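These notes are about the structure you will find just below.
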Amino acid sequence: MQGLELKLKERLQKLLDDGTVDCVIGWTKGEFIYDVTPAIFTKESGLDGFVYNSFCGANLSKYLVSQITSDKKFAVILKPCDTYSMNQLITEHRVNRENIYIIGVGCSGHIDIDKVKAQGVSGITNVIDNDNNIIINSIYGDSKIEKASVLLSKCQSCKGSELKISDEIIGEGIKTPTCDERFDGVKKLEAMTAEERFAFWKSELSKCIRCNACRNICPACTCRTCVFDNARSNVAAKANATEFEEKMFHIIRAFHVAGRCTDCGECSRVCPQSIPLHLLNRKFIKDINEFYGDYQAGEESNQRNPLVNFTESDIEATVISDKEGK
Amino acid sequence: MLKIGVFVCWCGSNIAATVDVKQVVEAVKLQQGVVFATDYQYMCSEAGQLIMRNAIEEYKLDGVVICSCSPRMHEATFRKNAERAGLNPFMVEIANIREHCSWIHKDVEEGTIKAIALANAAIAKVKLNAPLISGESGVTKRALVIGGGIAGIQTALDIAEAGFQVDIVEKSPTIGGNMAKLDKTFPTLDCSACILTPKMVDAAANPNIELLTYSEVEKVSGFVGNFKATIRKKARYINTDLCTGCGDCMSKCPSKKGKNEFNCGLNNRPAIYIPFAQAIPNVAVIDPVQCIKITKDKCGLCQTVCSAKAIDYKQQDEIIEREYGAIVAATGYKPIKLDKFDEYGYSQSKDVITSLELERLMNAAGPTGGKLVKPSDGSHPHTITFIQCVGSRDISGRGKCYCSKICCMYTAKHAMLIRDKYPDVNVNVFYIDVRTPGKNYDEFYRRAVEEYNVNYIKGQVGKVYESDGHLVLQASDLLNNEQILVNSDMVVLATAIEADESAKKVASMLTASIDTNNFLTEAHAKLRPVESPTAGIFLSGVCQGPKDIPETVSQASACAAKVIGLLSKAKLVTNPCVAHSDELLCNGCSNCANVCPYGAIGYETKLINDHGIRENRRVAVVNPALCQGCGACTVACPSGAMDLFGFSNSQIMAEVEAICKK
Amino acid sequence: MKKDMELANEVIRISGANPIRCMKCGKCSASCPSFNEMEYAPHKFVDMVVHGRIEELMESKSIFHCLSCFACVERCPRGVEPAKIVEAIRVVKQRQIGENYLDANDIPAIVDEQIPQQALVSAFRKFKK
Amino acid sequence: MQEVKDFKPTIVAFCCNWCSYAGADLAGSSRLSYPADVKIIRVPCSGRVNPMFILKAFERGADGVIICGCHPGDCHYSTGNYYTRRRLALLYSMLDYMGIERGRTRVEWVSAAEGVKFSTVMNKFVEDIRALGECVKLGDIRCKD
Amino acid sequence: MKKLALSNLNSLYNAINDKMKLYLPIENNGAVNFGEYSDGANVNLNKMTIKSAKDAFFPQCEDLSNFKKEGKHIIVEQGELVSENFVIFGVRACDVRAFHILDTVFLEGYLDTFYEARRKHGIVISLSCNKPEESCFCSNFGIDPAEPKGDVESYITDGYMYFNPVTQKGAEFMAQFDSLFENSDDKAVKELQVKIGDIVGKLPLSNLPLNEFGGDKLDALFNRPEWQGLSESCIGCGTCTYVCPTCQCYDVKDYKTNTGVKRFRCWDSCMRKDFTMMAHGTNRPSHLQRFRQRFMHKLVYHPANHNGEFSCVGCGRCVAKCPVSMNIVKVMKTLGGNK
């Protein structure tokens with residue numbers, strides 16, 4: 001990992017020096033090894049503090065949306081799964097491809113610090129990633145954990161090591177061995193009774209504090225003004241005053257990204273209350289695949305979103321309304 | 001605060017019998033903003049309308065709600081009335097308390113409660129209405145007729161006669177359609193060619209008509225008065241300006257094994273051909289699949305013999321874009337395929353033919369020069385048997401559920417012609433019913449029976465098989481309650497007709513609706529039979545449903561009258577209930593443009609001032625002239641930037657809220 | 001009369017056919033190979049069911065002359081399925097005289113090589129209804 | 001059982017102007033009754049129905065929401081109802097996934113000529129909603145008082 | 001000092017719950033938050049709650065008034081004030097301090113009656129932090145996690161929970177449940193406090209450059225170029241605001257019901273685009289301005305208005321929960337030149 005960081009840094013410096021790009025969207029180091037922050041480096045600031053390690057899980061493509069009107073050129077570091085979002089953003093004209101230089105990085109999975117903490121480790125001062133396992137130093141002592149168990153959820157159902165779009169590739173990646181079939185979680189819920197499903201979501205969504213982290217981190221949620229922030233939309237709300245508002249926000253958010261969501265998993269990663277929000281998006285993805293044929297948003301740019309598409313023989317909505325069973 | 005007036009109509013007893021209108025008036029008076037409410041026996045009457053106008057003036061109303069019949073009935077009436085009183089017509093909303101309430105409910109209490117809820121929803125909506133101004137759009141003074149059969153020709157001639165330009169687009173190399181193939185026509189037995197070809201010539205000669213033969217419409221966009229069509233002129237490999245129609249090429253062409261379409265494939269034609277002697281335009285066409293020069297780059301004989309130098313093997317398809325004010329569908333019909341009717345032996349025996357094939361066999365310009373012979377061996381037939389309703393009135397899935405309408409009459413015609421020309425030939429007709437509504441039709445049929453001794457047998461044929469060189473028909477004779485075996489030399493099948501295969505494609509291009517049989521739907525079965533529900537699209541001939549020639553011609557002329565009415569207008573009033581985009585909210589993501597069926601949404605990069613932040617943004621821009629107000633874009637838009645005048649998000653949500661109040 | 005119609009409805013129910021769709025074209029009778037053996041031809045059959053004349057049909061030998069070849073079912077342009085109606089009447093008749101179901105296990109003993117396959121199939125249909 | 005009988009559900013029906021609203025008009029002029037619980041909102045096309053309208057209706061206390069449009073292929077705007085079909089199939093599946101009763105939402109295609117179908121569809125839908133009872137899983141508690 | 005065996009805690013909860021509402025950390029699907037106690041609730045006193053204890057006195061949503069329409073008349077009903085005692089149990093030292101910061105906002109000057117009523121009736125039972133996390137930095141603000149204050153202080157050690165009333169209110173509360181407790185000396189507690197002190201000394205974020213901030217630092221900090229880079233990282237969600245124990249901004253909203261209008265307030269966040277939106281628009285249109293507002297408020301404006309007291313208590317929630325790990329510590333270190 002350190003080798004990769006050096007390679008990246010060297011290459012980025014060159015890109016800044018030779019004027020290929022004016023800025024770099026990468027990560028800067030934090031107070032601990034795990035709290036790296038996405039940051040924009042400029043020619044002037046240099047690459048001081050640049051870091052690339054096992055905790056660089058965030059999807060940087062979102063950071064380009066606010067730069068669409070900028071006349072600067074940006075280098076951005078994208079992991080294979082992030083490139084889907086990039087394609088989707090290009091499709092929707094939410095980024096200016098001409099001003100973007102994509103450095104694809106090989107990836108072998110990133111670590112979720114919350115999962116490490118959930119294993120009872122606290123007071124963490126350092127983490128050493130040894131591919132199969134990680135060693136954690138903390139003020140309460142050292143410990144060793146199997147890496148697969150603390151990978152980000154999105155890595156546990158990795159989409160593969162192929163970069164869907166890039167201008168150059170640095171480092172080699174491997175598809176993280178999936179320990180989760182992508183739709184297992186959805187299937188588990190589908191197998192429940194309606195009452196159980198209702199109870200599940202009621203309990204999960206009751207935790208929502210409406211912080212909007214899921215929305216703001218989402219590379220598909222790029223509305224300049226979200227309907228939930230627009231006082232004239234009739235659905236605006238700053239807090240979940242009732243159970244209904246909890247559902248309304250999450251159903252509509254998932255619906256608005258349906259067919260556009262690349263399943264990057266950022267929503268669940270950032271939720272401070274650990275609500276498994278990806279299970280909503282994945283339900284839409286699974287239904288879209290089943291109803292209209294397999295579709296992966298961001299597989300390539302300029303695909304047609306299945307929600308703004310149709311065939312004459314699509315299944316009828318009554319099939320859902322009349323479905324037998326639980 | 002808006003001042004709303006509510007007018008509750010009794011509609012005589014239609015509404016008042018199940019809805020307590022007085023109670024509705026009292027209830028709506030409690031709504032915020034309602035400053036006036038009243039009821040009247042017939043709001044749509046002049047007296048009722050006067051009440052409305054007076055109230056608008058006296059109470060300075062900003063919005064009006066009429067609780068009455070369906071808006072599809074009188075919305076236009078009340079809007080006009082509001083305009084007369086100086087109120088913007090789009091500040092009127094209708095609560096449908098007749099069709100959706102009084103007529104379907106019996107209990108007065110229930111009906112009244114529902115009427116109040118519907119009134120409240122309309123009040124909630126009208127409060128959010130905005131005055132809208134109808135735009136105007138021009139009318140392109142040119143019509144497009146798709147199909148060059150008798151229907152298309154007649155419509156085009158009538159439109160041209162009124163002084164408007166018309167283009168006929170015909171997919172085959174000549175106009176004339178099915179009628180050109182017919183020998184004689186019922187009920188007067190005049191020669192089809194004799195009455196059709198003058199019309200074809202007229203069409204070709206009329207300066208207002210342009211014939212685009214061997215061409216197909218590929219794409220239509222736009223809207224009433226302003227259509228834009230993309231037409232593909234298929235390569236003929238002939239320079240039509242030079243070709244004199246001499247026919248030298250045809251005789252020299254070595255590739256003579258093409259099926260002669262005009263003669264229903266009963267004989268062959270060369271690769272370069274003129275469809276028939278009276279074809280319009282009378283120029284040759286090369287079948288590129290059959291031509292040796294084009295397929296193998298050998299031969300080239302026709303080019304050498306052509307004194308006019310009209311042959312061009314390198315000719316390419318040509319794409320033409322034209323603008324039209326109105327479009328007429330006249331796509332016609334074809335006989336159904338008989339592959340599901342094996343019992344008649346159509347594919348086994350050459351002597352089993354369809355009625356259209358018989359027309360060609362009897363026609364002087366046909367493959368036999370008008371001599372009726374058995375196709376199998378060219379010998380003279382002694383008995384000919386007709387079978388009716390082959391594939392018509394069939395709901396088993398093999399045929400068509402409808403009556404093809406023309407078969408009874410043409411079979412009588414055929415029977416008579418045969419008996420007239422060859423008195424020695426016996427003619428049998430197996431029929432289910434003989435249907436002859438029409439002027440002089442039944443008389444015509446009776447002549448076949450009474451004067452020409454045609455043997456009509458009520459019953460159907462179970463199977464046809466060959467035996468000892470002739471055909472045997474096993475059939476039922478219902479009147480005698482017998483199963484009979486009939487020997488016959490030829491069998492003629494009155495094959496059902498169906499909409500031409502192009503109808504479906506044309507309908508979807510024109511966004512005109514079609515029924516389950518692929519016939520185009522009329523706007524109203526009785527009152528608007530020649531218009532499609534889609535504005536600016538008209539229907540001529542069999543594309544709307546089976547018709548005989550007289551009926552087709554009268555419908556074609558009726559259709560022309562409608563087109564002329566439209567093209568005569570200087571301006572069309574456009575619907576102001578169109579989509580519009582809020583530039584501050586728009587993300588420029590193109591979702592809306594993806595679902596727009598009219599291509600009405602474009603994108604522009606504009607300088608936007610978003611609360612003091614100025615930046616160039618890609619934003620959606622709706623062309624109000626193209627937008628038809630369906631609202632699909634509003635739902636595709638995740639940010640809510642796209643909204644629809646007249647049916648805005650907030651208006652619909654206000655209605656929802658009002659309805660859900662208990 | 002009422003009883004007649006009840007019986008007719010029973011026949012219609014068992015057959016699953018819809019005789020009212022018949023447009024009296026005679027296609028069934030034209031196609032029928034046993035027409036000449038039958039007192040009531042298929043088209044007549046259909047009409048009699050529509051008018052509730054079931055008892056006459058049950059008394060007629062015609063119902064056992066039908067070969068169940070299904071030519072009429074195949075050819076009928078209205079989807080009336082006359083053979084199924086004949087079959088239904090046979091079933092009603094069988095039930096009335098109290099015949100038992102035919103057990104498939106009994107078949108080998110009575111199978112004659114000469115018996116047409118059609119008849120066997122028909123027999124199963126008859127007794128398994 | 002008594003309760004079910006007395007239960008007066010609130011049902012919102014969105015009908016497209018060209019087919020289903022006209023179908024409802026035809027049901028009316030043919031005097032084909034259906035329960036007064038159904039209240040119709042006219043929209044230009046079923047494709048105008050935003051999922052937010054459906055949720056809004058439930059928020060406000062609706063017990064059932066039905067969307068009616070032209071038959072696929074017959075849309076006045078040629079393609080609107082195809083999008084409706086996709087959007088609503090997915091939305092309904094999601095509501096089901098969240099444990100909301102499937103029967104509360106429905107899409108039906110009713111042409112302008114199908115007055116009988118309109119009435120049949122509405123009678124059936126109301127019957128289904130009555131069987132399901134009051135909607136307690138969706139709906140904003142603040143709208144209940 | 002009183003003590004109670006940990007195994008008997010449930011009986012204490014139930015006894016309190018019989019008399020008054022009891023709020024304490026409850027685990028639900030892996031997330032620990034303060035919630036209302038009911039028998040069988042999954043109480044978890046070991047983990048730091050995700051949201052702070054702020055909800056007890058300043059809930060995320062609170063009804064203010066109700067407007068009912070009857071015909072064309074409008075009837076106004078005032079929202080109800082809390083009138084019964086309740087207990088908030090297991091509050092950490094940082095959150096206890098945060099209550100005092102909220103007091104300065106809601107009770108000094110303009111009096112917020114809704115907050116006042118809750119504060120008057122709420123009994124705070126604090127709990128020491130036995131295992132501070134690496135993200136904790138309360139000691140910077142003079143908070144001692146080993147001495148959590150509140151109305152009653154409590155400690156968990158040796159299989160017992162120790163209780164020490166701090167205020168009169170606390171003592172009265174303890175007296176109500178005296179029968180459940182046994183008397184104890186403070187030996188075990190003192191030992192625990194020493195242990196905690198050791199850990200606090202080792203915490204990595206214990207030396208923040210506080211001197212660079214304060215009520216007089218407006219000019220020095222407002223136009224610093226570093227805001228640009230810092231704000232670029234921030235995605236503008238409200239996580240930090242909503243988990244923060246001291247963020248006190250709220251918005252007043254109207255909700256149209258079927259019979260009228262309910263007016264309520266809910267937490268707002270200066271990260272939101274429509275924060276302090278007015279008729280003319282917003283006065284912080286850029287993301288940088290909104291980002292800066294939050295930290296300037298905590299580190300400059302609040303001290304300027306409230307005797308130099310920072311409105312951060314170092315609870316570390318924002319450090320742990322920010323989706324992109326941008327937080328007040330990084331801001332302070334960047335601007336304080338310590339990085």
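Top to bottom, those sequences are chains S, A, R, W and H. Quick note: the first sequence uses our numbering, first residue 1, plus one each step. Quick note: the second sequence uses our numbering, first residue 1, plus one each step. Quick note: the third sequence uses our numbering, first residue 1, plus one each step. Quick note: the fourth sequence uses our numbering, first residue 1, plus one each step. Quick note: the fifth sequence uses our numbering, first residue 1, plus one each step. Here a beta-carbon is modelled for each residue, glycine too, at the ideal position from N, C-alpha and C. All values derive from a computational prediction rather than experimental measurement.
- Which word fits GLU655 of chain A, buried or exposed, when buried means at least 16 other C-beta atoms lie within 10 angstroms of its C-beta? buried
- So which residues of chain A does SER126 of chain H contact, with C-beta pairs closer than 9 Å? Within chain A, no residue comes near SER126 of chain H; the closest Cβ sits about 44 Å away, beyond 9 Å.
- Query: Would you report the Cα separation of LYS207 of chain S and ILE395 of chain A, rounded to the nearest angstrom?
  - Reply: 60 Å
- Enumerate, from N- to C-terminal direction, the unbroken beta strand (DSSP E) stretches of 3 or more residues contained entirely within the region 100 to 137 of chain S. For the region 100 to 137 of chain S, whole beta strand (DSSP E) runs of length 3 or above, ordered along the chain, are 100 to 105 and 124 to 130.
- Can PHE7 of chain A and MET43 of chain A be called in contact, C-beta distance under 8 Å? Their beta carbons are under 8 Å apart, which means PHE7 of chain A touches MET43 of chain A by this criterion.
- DSSP state of TRP267 of chain H, grouped into three classes? Note: TRP267 of chain H maps to strand in three-state DSSP.
- Out of curiosity, what's the CA-to-CA distance linking GLN114 of chain R and GLU466 of chain A? 29 Å
- Leaving out five residues on either side along the sequence, give the residues of the same chain with a beta carbon under 6 Å from the beta carbon of LYS19 of chain H. Counting only Cβ-Cβ distances below 6 Å, and skipping sequence neighbours, we find nothing.
- Identify every run of the alpha helix (DSSP H) within the region 496 to 525 of chain A, keeping only runs that are complete inside it and at least 4 residues long; order them along the chain. 502 to 509
- Item | Within chain A, partners of VAL36 of chain S - CB distance below 9 Å | Correct list: empty, because the minimum Cβ distance to chain A is about 29 Å.
- Whose CA, out of A:ILE15, A:PHE78 and A:GLN474, lies closest to the CA of GLY26 of chain R? For GLY26 of chain R, the nearest C-alpha among the options comes from A:GLN474.
- Query: Within the present structure, is the beta-carbon of ASP186 of chain H separated from the nearest heavy atom of the ligand FAD by less than 7 Å?
  - Reply: You won't find the ligand FAD in this model; it holds no ligand whatsoever.
- Message: Quick check on GLY86 of chain A - is its C-beta less than 8 Å from some C-beta in chain H?
- Response: no
- Item | Members of the region 40 to 62 of chain W that neighbour chain H once the beta carbon cut-off is set at 8 Å | ARG60 and GLY61
- Mind checking the region 580 to 601 of chain A against chain S and listing, in chain order, the residues whose C-beta falls within less than 8 Å of any C-beta there? LEU584, LEU585, CYS586, ASN587, GLY588, CYS589, SER590, ASN591, ASN594 and VAL595
- Item | Distance CB(LEU26 of chain W)-CB(GLY115 of chain W) smaller than 8 Å | yes
- Item | Local conformation of LEU151 of chain S per DSSP, three classes | strand
- Collapsed DSSP secondary structure at PHE227 of chain A in the structure displayed: In the structure shown, PHE227 of chain A sits in a strand (DSSP, three-state: E or B).
- Item | Strand pairing of ASN33 of chain H, partner residues [DSSP] | H:ILE26
- Item | N-terminal and C-terminal residue of the alpha helix (DSSP H) that GLU357 of chain A is part of | Residues 355 to 362.
- Message: Excluding the 5 residues flanking GLY23 of chain W on each side, which residues of the same chain have their C-beta closer than 8 Å to its C-beta?
- Response: CYS15, CYS68, VAL110, SER111, ALA112, ALA113, GLU114, GLY115, LYS117 and PHE118
- Message: Distance check for ASN50 of chain W and GLY106 of chain S, CA to CA, integer angstroms please.
- Response: Between GLY106 of chain S and ASN50 of chain W, the C-alpha separation is close to 41 Å.
- According to DSSP, is ASN216 of chain S helix, strand or coil? ASN216 of chain S falls in the helix class under three-state DSSP.
- Message: Quick check on TYR59 of chain A: buried or exposed, where buried means 16 or more other Cβ atoms within 10 Å of its Cβ?
- Response: exposed
- Which listed residue (H:LYS68, H:ASP216, H:TYR110 and H:GLY159) has its alpha carbon closest to that of LEU4 of chain H: H:GLY159
- Message: For a test of the three-state rule: what should DSSP assign to LYS128 of chain R, helix, strand or coil?
- Response: Low local confidence applies: a pLDDT of 45 at LYS128 of chain R is under 50, so the model's placement there is unreliable, with the coordinate-based value given in what follows. It is helical.
- Secondary structure of CYS696 of chain A, DSSP reduced to three states: Look at the range of chain A in this structure, 1 to 662, and you will see that residue 696 of chain A is not part of it.
- Use the C-beta contact count for THR91 of chain S: other C-beta atoms within 10 angstroms, 16 or more gives buried, fewer gives exposed. buried
- Query: Within 8 Å (strictly less), CB to CB, does ALA89 of chain W reach chain S?
  - Reply: yes
- N- and C-terminal bounds of the beta strand (DSSP E) containing PRO38 of chain S: 37 to 42
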